[in-house]
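Enquirer: Under our numbering, the letters of the sequence shown match residues 71 to 279, in that order. Quick reminder that beta carbons are idealized off the backbone N, C-alpha and C, glycines included.
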Amino acid sequence: MKKTRQPFDPGHFKVGVLALQGSFREHLAVLKRIGVEVVEIRLPEQIQDLDGIIIPGGESTTIGKLAVDFDLLNPLREFGGKKAIWGTCAGAIMLSKDAHRNQPLLGLMDITVDRNAFGRQIASFETELDIPALDIISSAPSSFPGIFIRAPLITAVEGEAEILANLPDGRIVAARQGHLLATAFHPELTDDDRVHRYFLHLIQEKRAS
Ligand code: GLN
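1. Exposed or buried, Ala-99, counting other C-beta atoms within 10 Å across all chains shown (16 or more means buried)?
2. Do you know offhand how far Ile-233's Cα is from Ile-242's?
3. Let's see if you can read the secondary structure: which residues bound the beta strand (DSSP E) around Pro-215?
4. With Gln-118 as the anchor, note down where its alpha helix (DSSP H) starts and where it stops.
5. Quick one, are the C-beta atoms of Pro-80 and Val-106 less than 8 Å apart?
6. Is Glu-129 near the ligand GLN, going by C-beta to nearest heavy atom under 7 Å?
7. Taking only the alpha-carbon atoms, compute the straight-line gap between Ser-213 and Phe-195 and give it to the nearest angstrom.
8. Which class does Arg-171 belong to by DSSP, given the choice of helix, strand or coil?
9. Going straight from the alpha carbon of Gly-216 to that of His-256, what length do you get?
10. Around the Cβ of Ser-209, are there at least 16 other Cβ atoms within 10 angstroms (buried) or fewer (exposed)?
11. Give the list of continuous beta strand (DSSP E) stretches no shorter than 3 residues that lie fully inside the region 245-269.
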């Protein structure tokens, strides 16, 4: 059965963006544009009263190391056990349980990732993605502009996790596990705010559960 579209007021959400390294400013800009109250997270006490958290793209080894240094790893893990977290690119790596390397991860999602799966910076690319889950956000469903920058691939989606988007050749680039969301691409670098709105939808769903 198709879920019904639920209107919601972005002004009722307070979302934090982990601001240690990477493209956090771009996420903050999209959230502000759609009317969400935002917080830049650098300290554990800044995550207490948030409705959701975004972990941006960047360098997952650096983000992980800084999260350890700033005592944020466990508070983020605890937050993710109760509330919504969305990781883009390096953020998706942080959410995964396994990145085939020895680096700090949150391990909240039952997904495995392959870092830099498309090669070096020069191998960055853009492609249109079909993301059926976004139908719940927009009355005019259309493909989503996927921007991949030294992106990971999601190589295994297990347990409660489910696939949200594939490349045309079938490789997995987005997954969801309840209120946790991982995208290998960068919606914050586009004018299309549907994935940000979808994240608010996950927050709302979690609140209602
Ligand atoms: N290559 C980075 C990593 O492995 C991710 C790149 C990105 O976030 N755009 O952590």
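Expert: In short:
1. exposed
2. 7 Å
3. Where Pro-215 is concerned, the enclosing beta strand (DSSP E) stretches over 214-218.
4. Note, Gln-118: premise wrong, no alpha helix (DSSP H); not H, not E.
5. Contact: yes.
6. yes
7. 16 Å
8. coil
9. Gly-216 and His-256 have their C-alpha atoms spaced approximately 7 Å apart.
10. exposed
11. 250-253
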